[in-house]
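J.: Residue numbers (our numbering), protein chains in the order written: chain U, 68 to 336; chain H, 235 to 458.
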Amino acid sequence: MKFIKGHISLIFPLIAILLGLEFFIVFDRTTDSFEKGLQEGYSMIVVSKDEMSIDDFKAWDSHIEQVKELEKSKILERLNMNKDKAEKNSFEASLPNFYSLKLDDYLTVDELESVKSNLQKSSNILSVETFHSAYQSKYELFSFIKFSFQTFIGFMTIIGFFLIVKQMEVWNFLHAQRMKVMEIFGASLFLRSKVLINMALIDAVISAILTSWLFYLFKNSWVRGSQMEILKDNIEGVFKFSDVFILLFAAITVVLIAVFLVVINVKEE
Amino acid sequence: MPNVITANNLTLGYENDEEIIKNATFSIKRGDFVFITGPSGSGKSTLLKSFYGNLAPRYGSLVVGGLDMVGINKKNLQELRTHLGIVFQDYKLINEWTVEKNVVLPLWISGYSTEVQETQAKRLLHHVKLTGKEHKYPLELSGGEQQRVGVARALSKNPFLILADEPTGNLDEYSSNVIWDLMENACHQLETTVVVVTHRIPMVFNIPYRHFTIDENGSIYEVH
Ligand SMILES: Nc1ncnc2c1ncn2[C@@H]1O[C@H](COP(=O)(O)OP(=O)(O)OP(=O)(O)O)[C@@H](O)[C@H]1O
Ligand SMILES: [Mg+2]
Chain U
68 MKFIKGHISL IFPLIAILLG LEFFIVFDRT TDSFEKGLQE GYSMIVVSKD EMSIDDFKAW
128 DSHIEQVKEL EKSKILERLN MNKDKAEKNS FEASLPNFYS LKLDDYLTVD ELESVKSNLQ
188 KSSNILSVET FHSAYQSKYE LFSFIKFSFQ TFIGFMTIIG FFLIVKQMEV WNFLHAQRMK
248 VMEIFGASLF LRSKVLINMA LIDAVISAIL TSWLFYLFKN SWVRGSQMEI LKDNIEGVFK
308 FSDVFILLFA AITVVLIAVF LVVINVKEE
Chain H
235 MPNVITANNL TLGYENDEEI IKNATFSIKR GDFVFITGPS GSGKSTLLKS FYGNLAPRYG
295 SLVVGGLDMV GINKKNLQEL RTHLGIVFQD YKLINEWTVE KNVVLPLWIS GYSTEVQETQ
355 AKRLLHHVKL TGKEHKYPLE LSGGEQQRVG VARALSKNPF LILADEPTGN LDEYSSNVIW
415 DLMENACHQL ETTVVVVTHR IPMVFNIPYR HFTIDENGSI YEVH
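Structure representation (structure tokens):
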């Protein structure tokens, strides 16, 4: 009973930290394409008479980071015109140039308007369209959720560390006498801390396995049954087998640091 | 006989406190049996601590087992300690280990095989009259029995030097006699050097011994 109690009080905060870590990884993985999608939706379409290079655009506004030319043939395809090839070619030649612009940052509506008006100063540019209003609020919400989530994980990690250090103080108290006796009889630092290292490693392995198992369950029952498209679309990202090793590595690192802190704090009397 | 402990103008003190042992010069040879007496607080335990490197000399020199204790490094100190047998007044047994495991702690530290450990444990527990208690835990034993375990532990690796701080402090006569017999034998048969701090030298003692005493001022004299 005492044995279990001692272990639970280390395993519990360790699992809290590992869950935080894994959620962090999974969140990043599953929302990555979503976030990119939001970023891409946040673009400008420019129509120009003559061809323009990126530098031509940059000369008008420095926020412009990338320029992608939209192929005219694709635009024609979409229009689905019922014309023969020669007609199509001549029509294509008469079309202006279409560009999709990527900006270097997330600009406010006012800033976007200023980019737009800068571009319109060019006599070559026929029209500028921005697509932001729908994405802006969505992206801001997403950023807020991501920020809150990561802050929460950060706090969980700090509290977890705090609890582990507390438990280590208990261990320190429980093991100090034995380590002192061993030291008097000439045991090396490694030998003195062997028992602690073994206990800590066992707890690290248990915690990593439990956390992996929880995520495995999460992936295979909850996510599969849920209505959340973003998770279902990225279900392979929810838990990967290689995550077991990431968790194991993190757990072992945390406990070894903790053990080391305990051992160096045991002083001979 | 070669010197096991040599002190020259040895001065000891804790951190920035006043000096406790002052200018002690003496030598202890192989096979010597030395009693150290003196009033409470005179520095007997302090002197013993300096012998196993728990307190570094403030001034003067101290050589134990050929090692200079002034500025001794960790590795040498660990090595020295594996060849000492130390007995404490408060036993300092490991309570979560069995009697048997406690006895062979020095062998375990030096990496002896389990067979050697078991044989030694059996032999030593027989000597300290604790056969049959090998699987008990220290807190299940009486004070006298615990100290006999402590003495068995000190002897388990045939140390060249035994350091004992009031080993029979408040033990019954039977346990005290077992302990003195063992130390006499180790000294007499194996030429182990023994240094014992005590407030009372046993009435019956079968081998020749030396007697150092520390006065209230921290000076050490040999009583002849
Ligand atoms: N760890 C320590 N830190 C500071 N001072 C100490 C420490 N241990 C002992 N002293 C002081 O050193 C002096 C000598 O103590 P020591 O324990 O050596 O005496 P002793 O001769 O063994 O006494 P006793 O017969 O009561 O065991 C005492 O004044 C004590 O207060
Ligand atoms: Mg004392």
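Every residue, glycine too, gets a C-beta built ideally from N, C-alpha and C.
Over the uninterrupted alpha helix (DSSP H) stretch that includes F285 (chain H), give me the two end residues.
T.: Start and end: 278-285.
J.: For the beta strand (DSSP E) holding N440 (chain H), just list the boundary residues, first then last.
T.: From DSSP, N440 (chain H) is part of no beta strand (DSSP E); its letter is neither H nor E.
J.: For R264 (chain H), which residues in the same chain have their Cβ closer than 7 Å to its Cβ, ignoring the five residues on either side in sequence?
T.: So the list reads M235, P236, V238, E425, T427, once near-sequence residues are dropped.
J.: Could you list the residues in the region 277-290 of chain H with a C-beta less than 9 Å from some C-beta on chain U, going in chain order?
T.: Under the 9 Å Cβ criterion, the region 277-290 of chain H contributes Y286, N288.
J.: Taking the Cβ atom as the reference point for each residue, do L143 (chain U) and E159 (chain U) lie within a distance shorter than 8 Å?
T.: Contact flag set, yes.
J.: Taking all protein chains shown into account, do 16 or more other C-beta atoms lie within 10 angstroms of the C-beta of I78 (chain U), making it buried, or fewer, making it exposed?
T.: So I78 (chain U) ends up on the buried side.
J.: Which residues of chain H have a Cβ atom closer than 8 Å to the Cβ of I264 (chain U), listed in chain order?
T.: In chain order: nothing, as chain H lies at least about 16 Å away.
J.: Taking beta-carbon pairs under 9 Å, can you tell me which members of the region 240-273 of chain H lie near chain U?
T.: Within the region 240-273 of chain H, no residue qualifies.
J.: At the level of alpha carbons, what is the spacing between R357 (chain H) and Q351 (chain H)?
T.: For R357 (chain H) and Q351 (chain H), the distance between alpha carbons rounds to 10 Å.
J.: Nearest CA to the CA of A126 (chain U): which residue from U:F308, U:M246, U:D99, U:V182?
T.: Residue U:V182 is the option with its Cα nearest to A126 (chain U).
J.: Nearest-angstrom Cα distance between I331 (chain U) and K261 (chain U)?
T.: Cα to Cα, I331 (chain U) sits roughly 13 Å from K261 (chain U).
J.: With C-beta atoms as the reference, is H433 (chain H) less than 8 Å away from E400 (chain H)?
T.: Yes.
J.: With three or more beta-carbon pairs closer than 8 Å as the criterion, would you say the region 357-368 of chain H touches the region 326-339 of chain H?
T.: With a cut-off of 8 Å, the region 326-339 of chain H and the region 357-368 of chain H count as touching, because enough Cβ pairs lie within range.
J.: May I ask you to verify whether the region 277-284 of chain U touches the region 73-93 of chain U, counting CB pairs closer than 8 Å and requiring at least 3?
T.: Cβ pair count under 8 Å is three or more, so yes.
J.: Which residues end up in the neighbourhood of ligand 1 when you take C-beta atoms closer than 6 Å to any of its heavy atoms?
T.: The answer, residue by residue, is H:Y248, H:D251, H:I254, H:G272, H:S274, H:G275, H:S276, H:G277, H:K278, H:S279, H:T280.
J.: Within the 8 Å Cβ cut-off, does T316 (chain H) reach chain U?
T.: Interface residue, yes.
J.: Given 7 Å as the limit, tell me if D399 (chain H) has its C-beta closer than that to any heavy atom belonging to ligand 2.
T.: Within the cutoff, so yes.
J.: Sort U:E296, U:M119, U:V134 by Cα distance to S167 (chain U) and report the nearest one.
T.: Nearest option by C-alpha distance: U:V134.
J.: Along chain U, which residues have their Cβ under 9 Å away from the Cβ of L339 (chain H)?
T.: Near L339 (chain H) (Cβ distances below 9 Å), the residues of chain U are V248, M249, F252, A254.
J.: Cβ of R96 (chain U) less than 8 Å from any chain H Cβ?
T.: By this cut-off, R96 (chain U) is not an interface position.
J.: Considering Y283 (chain U), what are the terminal residues of the alpha helix (DSSP H) in which it resides?
T.: Element bounds for Y283 (chain U): 256-284.
J.: What residue from U:D270, U:V311, U:I297, U:L323 has the CA that sits closest to I75 (chain U)'s CA?
T.: For the residues U:D270, U:V311, U:I297, U:L323, the minimum Cα distance to I75 (chain U) belongs to U:D270.
J.: Rounded to the nearest angstrom, what separates V333 (chain H) and S409 (chain H) at their Cα positions?
T.: Taking the straight line from one Cα to the other gives about 16 Å.
J.: Report the three-state DSSP secondary structure of S210 (chain U) (helix, strand or coil).
T.: Note: S210 (chain U) maps to helix in three-state DSSP.
J.: Taking C-alpha atoms, which residue in U:G304, U:I226, U:S274 lies nearest to F101 (chain U)?
T.: The shortest C-alpha separation from F101 (chain U) is found at U:G304.
J.: Can you check which of these residues, U:L105, U:K152, U:I276, U:G292, is closest to E207 (chain U) by C-alpha distance?
T.: Selected option, being the one with the closest Cα: U:L105.
J.: Can you say whether E407 (chain H) is buried or exposed, counting buried as having 16 or more other CB atoms within 10 angstroms of its CB?
T.: Exposed: under 16 other Cβ atoms inside 10 Å.
J.: The beta strand (DSSP E) with K256 (chain H) in it runs from where to where?
T.: Segment 253-263, the beta strand (DSSP E) holding K256 (chain H).
J.: Just the C-alpha distance for I448 (chain H) and Y455 (chain H), rounded to the nearest angstrom, thanks.
T.: The alpha-carbon atoms of I448 (chain H) and Y455 (chain H) are separated by roughly 6 Å.
J.: Rounded to whole angstroms, how far is the Cβ of T97 (chain U) from the Cβ of N287 (chain U), which I believe are closer than 8 Å?
T.: Wrong, their Cβ atoms sit about 15 Å apart, outside the cutoff.
J.: What number of angstroms, rounded off, separates the C-alpha of V362 (chain H) from the C-alpha of L405 (chain H)?
T.: C-alpha separation (whole angstroms): 14 Å.
J.: With DSSP as the reference, label A83 (chain U) as helix, strand or coil.
T.: The answer is helix: DSSP assigns A83 (chain U) an H, G or I state.
J.: Looking at chain U, is there any beta carbon in it that lies within less than 8 Å of the beta carbon of Q312 (chain H)?
T.: Yes, because at least one Cβ of chain U sits closer than 8 Å to the Cβ of Q312 (chain H).
J.: Look at the Cβ atom of I435 (chain H), then the Cβ atom of F322 (chain H), and state whether they are nearer than 8 Å.
T.: Taking 8 Å as the Cβ cut-off, I435 (chain H) and F322 (chain H) do not qualify as a contacting pair.
J.: Cutting at 7 Å between CB atoms, please list the residues of its own chain near K283 (chain H), excluding the five before and the five after it.
T.: Result list for K283 (chain H): L289, in chain order.
J.: R245 (chain U) touches chain H at which residues, Cβ-Cβ below 9 Å?
T.: I328, N329, E330, W331, listed in chain order.
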